[in-house]
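So for the sequence shown, this note's numbering puts the first residue at 603; every next one is plus one.
Where a beta carbon is used, it is the ideal one built from N, C-alpha and C, also for glycine.
Fair warning: this is a prediction, and the values are worked out from it, not measured in the lab.
Written below as structure tokens is the structure these notes are about.
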Amino acid sequence: MIRAVLCGYGAALPARILTNKEMEGLVDTSDEWIVQRTGIRQRHIAGDGETSASLGEQAARAALARAGMTPADIDVIIVATSTPDNTFPATAVNIQNRLGMHHGAAFDMQAVCSGFIYAMATADAYIRGGLARRVLVIGTETFSRILDWTDRTTCVLFGDGAGAVVLEGREQAGTSADRGILTAQLRSDGAHRDKLFVDGGPSTTGTVGQLRMEGREVFKHAVGMITDVIEAAFAATGTTADDIDWLVPHQANRRIIDASAKKLGIPPEKVVVTVDLHGNTSAASIPLALDAAASDGRIKDGDLVLLEAMGGGFTWGSVLLRW
Numbered sequence: 603m604i605r606a607v608l609c610g611y612g613a614a615l616p617a618r619i620l621t622n623k624e625m626e627g628l629v630d631t632s633d634e635w636i637v638q639r640t641g642i643r644q645r646h647i648a649g650d651g652e653t654s655a656s657l658g659e660q661a662a663r664a665a666l667a668r669a670g671m672t673p674a675d676i677d678v679i680i681v682a683t684s685t686p687d688n689t690f691p692a693t694a695v696n697i698q699n700r701l702g703m704h705h706g707a708a709f710d711m712q713a714v715c716s717g718f719i720y721a722m723a724t725a726d727a728y729i730r731g732g733l734a735r736r737v738l739v740i741g742t743e744t745f746s747r748i749l750d751w752t753d754r755t756t757c758v759l760f761g762d763g764a765g766a767v768v769l770e771g772r773e774q775a776g777t778s779a780d781r782g783i784l785t786a787q788l789r790s791d792g793a794h795r796d797k798l799f800v801d802g803g804p805s806t807t808g809t810v811g812q813l814r815m816e817g818r819e820v821f822k823h824a825v826g827m828i829t830d831v832i833e834a835a836f837a838a839t840g841t842t843a844d845d846i847d848w849l850v851p852h853q854a855n856r857r858i859i860d861a862s863a864k865k866l867g868i869p870p871e872k873v874v875v876t877v878d879l880h881g882n883t884s885a886a887s888i889p890l891a892l893d894a895a896a897s898d899g900r901i902k903d904g905d906l907v908l909l910e911a912m913g914g915g916f917t918w919g920s921v922l923l924r925w
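The following block contains the structure:
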């Protein structure tokens, strides 16, 4: 069968780093409070001229270079973002143009922090269905542009950045030993909309709006929802937590990451954590973490890697792949 094999990865971060100590001068908070409750120590903030498209382009070029490919080799670009450069056109076509690519298709996906998982699942479906051979998947965000910088419960949590991967269709045996995406599990429940949302939009207020969150409610649901899609991935592939080499979770909160891994029986040494360096970068967090762990040699060819995320909506999902 045809599997979507990951053959390139890349990342991009804004130049400016905003530390917790600096946050103390912006809102009533402290480094100790932020670290204790979230595990975050710093985040990157987009500056003038840095946008979701420009960061996405940088990450895409890095992923293409690692894959030994050029934009001419790509059939489809899928961009996961909740902070597009414009209401329309899609940030994906902006990146497509920046790359000098004038063929194929490019479109955005909106599933907030689960966006990269949704985009990976869509790319996998395109490849397995014969609609594309190579897909460039990008998660890119500039959440600093939709934060209320007077709200200490939210502004300390988020950061900006981008990550990208190249997926290529390759014939495999059709077993759990295959390289590539083995399964993708997606869920959503709009009943939780008011727990994490942006209070604006073209059709309602005519403004961009700002992020609003009921942090305790999100935390209360997160571990159970994450466990649901991971157990579904195990059931679909006949694997168990013992088979996992690396868990690469959405980097929202260290306590959620630790609790989820513990519930699943995945030891801490198998969990990739970058939330301390990046904060919550929404759809960019998983590809940023993948880039960090693959670049330093932790993730190696043949490793079984589990990705998971939960985001506003609520949306949640998992992808199980062999590197």
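- D844 sits in a helix when the DSSP states are folded into three classes.
- Under DSSP, M711 forms a beta bridge with A682.
- For A606, the enclosing beta strand (DSSP E) begins and ends at 604–614.
- Residue environment analysis places P870 among the exposed positions, since fewer than 16 neighbouring C-beta atoms fall within 10 angstroms of its C-beta.
- Of all alpha-carbon atoms in D801, R795, F821, the one lying nearest the alpha-carbon of S862 is that of F821.
- Here H646 is not near D750, since their CB atoms are 9 Å or more apart.
- Here DSSP, grouped into helix, strand and coil, assigns V767 to strand.
- Within its own chain, the residues whose Cβ lies closer than 8 Å to the Cβ of T755, once the five positions on either side in sequence are excluded, are M815, G817, listed in chain order.
- For V637 and V825, the gap between their C-alpha atoms comes out near 20 Å.
- For T653, the closest C-alpha among the options I828, P616, I676 is that of P616.
- Per DSSP, reduced to three states, the secondary structure at A854 is coil, with no helix or strand assignment.
- In this structure, L666 sits away from G731, with a CB-CB distance that is not shorter than 9 Å.
- For the pair V850 and V810, the CB atoms are not nearer than the 9 Å cut-off.
- Distance check between G803 and each of K623, V921, I748, L738 places I748 closest, using alpha-carbon atoms only.
- Under the DSSP assignment, V695 falls in the alpha helix (DSSP H) whose first and last residues are 693–700.
- Looking only at I619, V758, F709, V739, the smallest Cα-Cα distance to E634 is reached by V758.
- Taking the C-beta atoms as reference points, R736 is found nearer than 9 Å to V678.
- For H705, the closest of A661, L784, D675, T829 by C-alpha to C-alpha distance is D675.
- Contact between L608 and V767 is confirmed by a C-beta separation of about 5 Å, below the 8 Å threshold.
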